[in-house]
Amino acid sequence: MDKIDKLDKKILSILSKNARIPFKDVAAECGVSRAAIHQRVQHLIDNGVITGSGFDVNPKSLGYSTCTYVGINLERGSMYRDVVERLMAVPEIIECHFTTGPYTMLLKLYARDNEQLMDLLNNKLQSIPGVVSTETLISLEQSIKREIPVPMEVEDKKK
Numbered sequence: 007m008d009k010i011d012k013l014d015k016k017i018l019s020i021l022s023k024n025a026r027i028p029f030k031d032v033a034a035e036c037g038v039s040r041a042a043i044h045q046r047v048q049h050l051i052d053n054g055v056i057t058g059s060g061f062d063v064n065p066k067s068l069g070y071s072t073c074t075y076v077g078i079n080l081e082r083g084s085m086y087r088d089v090v091e092r093l094m095a096v097p098e099i100i101e102c103h104f105t106t107g108p109y110t111m112l113l114k115l116y117a118r119d120n121e122q123l124m125d126l127l128n129n130k131l132q133s134i135p136g137v138v139s140t141e142t143l144i145s146l147e148q149s150i151k152r153e154i155p156v157p158m159e160v161e162d163k164k165k
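Using the numbering used here, read the sequence shown as starting at 7 and increasing by one per residue.
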């Protein structure tokens, strides 16, 4: 991955606050041309610094009122990839992490209600071969959601 300079960081900082901002506005704020912004953003995408773009859809607007985190313990950690493959078939699961600590895996999922959540747990997750146990944590409210901050200082590698 190429080094990220001060201009790249400024662009990332602006876009992380509003990914839909027109490039002409980013260019004006950075004091460079629109073409320079287009080139920089494309370079950041090509180098894997910017990994996606899109819209955040409010799950509640689609009828998913229950946000849940599920800790899963597996018979063996080596079963992780096989279990992930099975979890991919459950569209309500929006995140899956292989973790340290009390769980082998941590999932984030949305359910329409507690009845659907119980069905997901009992008939989808706990029936996967290798799943030994699950622990469910229901989110009552999401208080913070943001991108990682972009540090604006340029690191001096010569020190």
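Quick reminder that beta carbons are idealized off the backbone N, C-alpha and C, glycines included.
For residue j and residue i, the rounded distance between their alpha carbons
{"i": "G60", "j": "E101", "result": "16 Å"}
{"i": "E141", "j": "I78", "result": "7 Å"}
{"i": "T105", "j": "G37", "result": "43 Å"}
{"i": "D62", "j": "G69", "result": "15 Å"}
{"i": "I56", "j": "K151", "result": "18 Å"}
{"i": "G107", "j": "E121", "result": "29 Å"}
{"i": "M158", "j": "M124", "result": "46 Å"}
{"i": "V156", "j": "A25", "result": "14 Å"}
{"i": "A95", "j": "K66", "result": "21 Å"}
{"i": "K164", "j": "K15", "result": "Only weak support exists for where K164 lies, its pLDDT of 46 falling under 50; the coordinates are left without a value."}
{"i": "R118", "j": "C73", "result": "9 Å"}
{"i": "I134", "j": "E98", "result": "16 Å"}
{"i": "D162", "j": "L50", "result": "In this predicted model, D162 has a pLDDT of only 48, less than 50, meaning its place in the structure is not dependable enough to derive any value."}
{"i": "K114", "j": "N64", "result": "15 Å"}
{"i": "Q148", "j": "G58", "result": "22 Å"}
{"i": "K12", "j": "Y86", "result": "39 Å"}
{"i": "A41", "j": "I10", "result": "18 Å"}
Beta-bridge pairing of residue i - partner residues as DSSP gives them
{"i": "L3", "result": "The shown model of the chain, from 7 to 165, leaves out residue 3, and the question about it has no answer."}
{"i": "K114", "result": "Y75 and E101"}
Residue i vs residue j beta-carbon contact at 9 Å
{"i": "V137", "j": "V90", "result": "no"}
{"i": "L93", "j": "L131", "result": "yes"}
{"i": "L146", "j": "Y75", "result": "no"}
Same chain, Cβ closer than 6 Å to residue i, five either side skipped, listed in chain order
{"i": "I43", "result": "F29, V32 and A33"}
{"i": "E153", "result": "S22"}
Same chain only: Cβ atoms within 7 Å of residue i, ignoring 5 sequence neighbours per side
{"i": "I17", "result": "V32, C36, I43, R46 and V47"}
{"i": "I20", "result": "I27, V32 and E35"}
{"i": "G3", "result": "Nothing can be reported for residue 3: it is not among the residues displayed for the chain, which extend from 7 to 165."}
{"i": "L112", "result": "Y75, G77, H103 and T105"}
{"i": "S39", "result": "A33"}
{"i": "Y116", "result": "P65, Y70, T72, C73, E98 and I100"}
Close Cβ partners of residue i (< 8 Å) along its chain, the five nearest in sequence each way excluded
{"i": "L127", "result": "V76, T140 and T142"}
3 or more residues per run - each beta strand (DSSP E) lying fully within the segment 127–159: 137–145
Can you list, in chain order, the stretches of the alpha helix (DSSP H) that have 4 or more residues and sit fully within the segment 25–82? 29–36 and 40–52
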